[in-house]
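*Asks:* Would you mind keeping the following structure in view while I ask a few things?
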Amino acid sequence: MAKPSVAVDCGGRIKAADASFDPRAERRIILTAVTAGLSYASTAVFTVLLPMMCMTPAILGLDYGFGVTAKGFAQFQAPIGAAAVVGGLIVGLCVPRIRPRLFMVSGQFLLVLGAALTALSHDTKGPLIAFALIEGLGLGMTYAAVPNLVISAVPSQLQATTSSIVSVFQSGLAAILPVIVFTVLNSHIAIVLQGNAFYTNDGLRLGFLIAAGAALVGGFAALALPRRSRDHESPAPIATDHRGDEVLVG
């Protein structure tokens, strides 16, 4: 008769373990996942639209495009990568003294600024490279802030689970938002040449503004995070029930 009691006991332990982590009750975890996901989504849209815009031939007269090759696009991509490294280093060096929430907020609003400025002015190389630097700095800061937000949000026993939730938001939103943007762009096709669609200037502007809007929402989600880090307490050990462990010797 010991087996039923063991089964009930195991079921109780599973429920007790589940009760220690309730995403609906953990506002900090949800906000962290949302702001992380929106930063990934915003940068995904930006990094897809930028090469498409820069490689468009200027001869088409669409008010954008420089006709650069994949190699020539490095002049726009390299600043993003370099600034992202700088942003990550800033967070890594300063996060012991400054809360990661502030870096996420700052990074998100840099993403807003970079995408919005690109939407407004993208017909000159110099300013566009400067906007790419801003975008890259925001990218580096937000990406580096995410793991620090997870660490400050939950105790160590739950950080792996929380990281999984955040990763789902990051990959999911980064996959969904570009699809939404291209759905919008499909109603702003200017010309089709040899099977390649070229979008109107207004369509591209709208795409970058969607990226800016996603980062703006992510910034407000980061602002809504509690100012103080959660005081982590180790969960109380579950008492072991030894009933039924006796061995009867005949």
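In full-length UniProt numbering, the protein residues as written are 1 to 250.
Idealized CB from N, CA, C, for every residue including glycine.
1) If the criterion is Cβ atoms closer than 8 Å, does the pair residue 208 and residue 119 meet it?
2) Starting from the Cα of residue 114, find the closest Cα among 129, 125, 124 and give me that residue.
3) Give every residue of the same chain whose Cβ lies closer than 8 Å to the Cβ of residue 233, excluding the five residues on either side of it in the sequence, and list them in chain order.
4) Taking the DSSP output, what are the residues bridged to residue 196?
5) Please go through the region 87 to 160 and give each complete alpha helix (DSSP H) segment of 4 or more residues, from N-terminal end onward.
6) Mapping DSSP to helix, strand and coil, what is residue 202?
7) Sort 125, 99, 172 by Cα distance to residue 146 and report the nearest one.
8) What whole-angstrom Cβ distance do residue 131 and residue 117 have, given they're in contact under 8 Å?
9) How long is the line joining the alpha carbons of residue 10 and residue 164, rounded to whole angstroms?
10) Can we say the region 169 to 178 touches the region 40 to 51, given the rule of at least three CB pairs closer than 8 Å?
11) Return the CA-CA distance between residue 93 and residue 188, expressed in angstroms with no decimal places.
12) Please classify residue 32: does DSSP put it in a helix, a strand, or coil?
13) Under the rule that 16 or more other beta-carbon atoms within 10 Å means buried, what is residue 74, buried or exposed?
14) How about residue 221 and residue 38: do their beta carbons lie closer than 8 Å?
15) In or out: residue 89 buried (at least 16 other Cβ within 10 Å) or exposed?
16) Taking the beta carbon of residue 160 as the centre, do at least 16 other beta carbons fall within 10 Å, making it buried, or is it exposed?
*Replies:* Put simply:
1) The beta carbons of residue 208 and residue 119 sit closer together than 8 Å.
2) 129
3) Low confidence applies here, because residue 233 scores a pLDDT of 46, under 50, leaving its location unreliable; read the following figure in that light. The residues are 155.
4) Answer is 193, bridged to residue 196.
5) Runs found: 100 to 120, 125 to 153.
6) helix
7) Per the Cα distances, 99.
8) 5 Å
9) The predicted position of residue 10 is uncertain, since its pLDDT is 43 and thus under 50; a value taken from the coordinates is nonetheless stated next. Straight-line Cα distance between these residues: approximately 25 Å.
10) yes
11) 44 Å
12) Here residue 32 sits in helix by DSSP.
13) exposed
14) Yes, these two residues count as a Cβ contact at 8 Å.
15) exposed
16) exposed
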